[in-house]
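*Asks:*
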DNA sequence: ACTTGTTCTTGAACACGTTCAAATTTGGGG
DNA sequence: CCCCAAATTTGAACGTGTTCAAGAACAAGT
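Chains as they are written, first to last, in my numbering: chain P, 37 to 254; chain E, 37 to 254.
#1: Can you give me the Cβ contacts of residue 167 of chain P inside the same chain, cut-off strictly under 8 Å, excluding the 5 residues immediately before and after it?
#2: Does any C-beta atom of chain E lie closer than 7 Å to the C-beta of residue 143 of chain P?
#3: Can a CB atom of chain P be found closer than 7 Å to the CB of residue 167 of chain E?
#4: With H, G and I counted as helix, E and B as strand and the rest as coil, what does DSSP make of residue 62 of chain P?
#5: Thinking C-beta only, is residue 83 of chain P closer than 7 Å to residue 124 of chain P?
#6: Could you tell me which chain E residues have their CB closer than 9 Å to the CB of residue 123 of chain P, listed as they occur along the chain?
#7: Among E:140, E:151, E:112, which has the Cα closest to the Cα of residue 201 of chain E?
#8: Which stretch, first to last residue, makes up the alpha helix (DSSP H) that contains residue 81 of chain E?
#9: Just the C-alpha distance for residue 40 of chain P and residue 205 of chain E, rounded to the nearest angstrom, thanks.
#10: Residues in its own chain within less than 8 Å of residue 220 of chain E by CB, not counting five upstream and five downstream?
#11: DSSP state of residue 159 of chain E, grouped into three classes?
#12: Between the stretch 151-159 of chain P and the stretch 85-92 of chain P, can you find at least three pairs of beta-carbon atoms closer than 8 Å?
#13: Is the beta carbon of residue 130 of chain P sitting closer than 7 Å to the one on residue 181 of chain P?
#14: I'd like to know if residue 37 of chain P contacts chain E, where contact means its C-beta is closer than 7 Å to some C-beta of that chain.
#15: For residue 146 of chain E, name the three-state secondary structure that DSSP assigns.
#16: Out of E:50, E:253, E:57, E:238, which has the shortest C-alpha to C-alpha gap to residue 133 of chain E?
#17: Closer than 7 Å between beta carbons: that is the criterion. Which residues of the stretch 181-214 of chain E meet it against chain P?
#18: Check whether the stretch 211-228 of chain P and the stretch 105-122 of chain P are in contact - that is, three or more C-beta pairs closer than 8 Å.
#19: Could you please give the first and the last residue of the uninterrupted alpha helix (DSSP H) stretch that includes residue 107 of chain E?
#20: Taking Cβ-Cβ distances below 7 Å as the criterion, which residues of the stretch 227-245 of chain P are in contact with chain E?
#21: So residue 106 of chain E and residue 126 of chain E are supposed to be a Cβ contact under 8 Å. How far apart are they, rounded?
#22: Just curious, the alpha helix (DSSP H) that residue 134 of chain E is in, first and last residue?
#23: Does the beta carbon of residue 148 of chain P sit closer than 7 Å to a beta carbon anywhere in chain E?
#24: Based on Cα-Cα distance, which residue from P:254, P:215, P:233, P:177 lies nearest to residue 249 of chain E?
#25: Any beta carbon from chain P within less than 7 Å of residue 221 of chain E's own beta carbon?
#26: Provide the residue span of the alpha helix (DSSP H) that contains residue 208 of chain E, from first to last.
#27: State the DSSP-derived secondary structure class of residue 113 of chain P, mapped to helix, strand or coil.
#28: Determine the DSSP secondary structure at residue 247 of chain E, reduced to helix, strand or coil.
#29: What's the call for residue 138 of chain P, buried or exposed, on a 16-neighbour Cβ count within 10 Å?
#30: Taking just the CA atoms, how far does residue 176 of chain E sit from residue 187 of chain P?
#31: Which stretch, first to last residue, makes up the alpha helix (DSSP H) that contains residue 185 of chain P?
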């Protein structure tokens with residue numbers, strides 16, 4: 037079976053992710069991963085082109101689990117605030133075991149040249165999956181969000197999610213409860229804020245914000 | 037004179053900063069810095085405890101120059117939008133020579149354990165100086181900003197500045213003109229948006245936003 | 001069974017950031 | 001001028017991520 041090779045690859049990924057969780061990024065050396073997986077250090081590079089690639093593996097797995105959990109949570113709630121809370125909390129739940137690793141993860145991910153960078157082509161599928169979660173959260177919301185916002189909102193919320201993640205990385209409170217409170221507080225505020233889009237003066241400013249955000253992305 | 041030692045220290049910092057600018061972070065090895073400064077590699081560690089410390093040196097210098105330039109630009113403008121633009125553009129001007137180095141800088145700075153981290157105690161003076169710029173920009177604005185915002189706004193604008201910096205790091209357009217356009221577009225929008233604070237419905241939401249932002253910072 | 005081409009694996013090597021004991025230089029006090 | 005303690009400097013060493021030439025295991029055709 038050709039599965040022998042795939043087995044080694046998975047063993048490496050599994051060992052790496054466990055060590056990231058348990059002893060952190062720096063203490064998890066390539067040599068240690070290889071040893072624990074029962075292969076030579078050089079061999080690990082046959083399967084993963086760099087240590088960062090192993091972090092990418094983690095990123096992909098976390099995104100996948102986030103999508104799964106979020107979908108479940110979205111099935112039962114209707115209001116935008118509740119849907120947003122569900123999605124964000126699901127993300128935090130999935131990341132929780134990796135909190136001690138978070139800072140190194142972000143430091144790696146923020147490099148434009150890294151495969152882990154959420155804007156890199158290597159991360160395209162993972163980012164697309166993540167964006168899709170927010171599209172569902174917005175599209176399925178009752179009452180519906182104002183029309184003119186519907187197309188841009190998912191991407192903006194995804195950006196908020198990146199911001200929340202950043203906040204979470206720095207959050208040293210017990211079980212990152214500060215981040216939980218931030219989510220609980222911010223989600224209804226965002227939902228209420230969107231309702232203001234129909235207030236005449238606000239609508240004008242909002243249009244300009246959306247235009248700017250579009251022009252800046254292109 | 038005791039300046040001999042200080043001279044070596046400055047030579048190292050000067051060489052390091054120049055190399056960061058000219059050949060980037062990774063190619064600037066500690067051995068190369070030391071060689072160029074005419075000392076041994078080990079000796080560089082007598083003056084700087086790590087390569088990151090040299091990045092911190094850069095951060096401090098950039099902040100200082102930003103403060104200086106911003107103060108000059110603020111002397112001549114009154115409207116909040118213009119003042120904000122002046123401050124942000126001044127920041128971009130100062131950082132410009134280091135753009136190629138930006139990604140590595142941010143990756144270093146984002147680690148909570150790094151001396152370069154803007155929230156670290158080592159960065160306290162630099163951050164305080166930076167915050168002071170935004171305080172001046174807000175306090176001296178005519179027409180004045182709504183009272184209830186005046187105390188929180190500087191910190192929030194400083195956060196925006198961090199965001200702009202992040203955007204700038206990723207901005208590969210010629211001379212980072214996209215970031216320039218973002219600043220030109222966002223500054224008047226923020227100023228206009230603040231005017232909405234007096235609209236009844238908006239004020240309520242805004243109060244909650246401020247409360248949340250306060251509770252989350254404590 | 002033997003050959004051949006591919007896939008997988010190894011172990012030694014490299015450059016890097018960093019550490020440290022030892023050597024050297026420096027600056028005062030006798 | 002000499003000596004000593006402190007400040008400075010060195011060069012070798014360590015562990016890291018990564019590379020690579022060489023070898024081992026494997027699959028398939030004859």
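Cβ coordinates follow ideal geometry from the N, Cα and C atoms, glycine included.
In this text, all values refer to a predicted model and were calculated from it rather than measured experimentally.
*Replies:* In brief:
#1: 190, 191, 194
#2: yes
#3: no
#4: coil
#5: no
#6: Under the 9 Å cutoff, chain E gives no residues; its nearest Cβ is about 18 Å from residue 123 of chain P.
#7: E:140
#8: 77-83
#9: 43 Å
#10: 121
#11: helix
#12: yes
#13: no
#14: Low per-residue confidence applies at residue 37 of chain P: pLDDT is 45, beneath 50, and the placement is therefore not dependable, though the value from the model is reported in the following sentence. No - not a single Cβ of chain E is within 7 Å of the one on residue 37 of chain P.
#15: coil
#16: E:57
#17: 206, 214
#18: yes
#19: 87-110
#20: 228, 229, 232, 235, 237, 238, 241, 244, 245
#21: 5 Å
#22: Residue 134 of chain E -> no alpha helix (DSSP H), and no H or E assigned at all.
#23: yes
#24: P:215
#25: yes
#26: Residue 208 of chain E -> no alpha helix (DSSP H), and no H or E assigned at all.
#27: coil
#28: helix
#29: buried
#30: 39 Å
#31: 183-186
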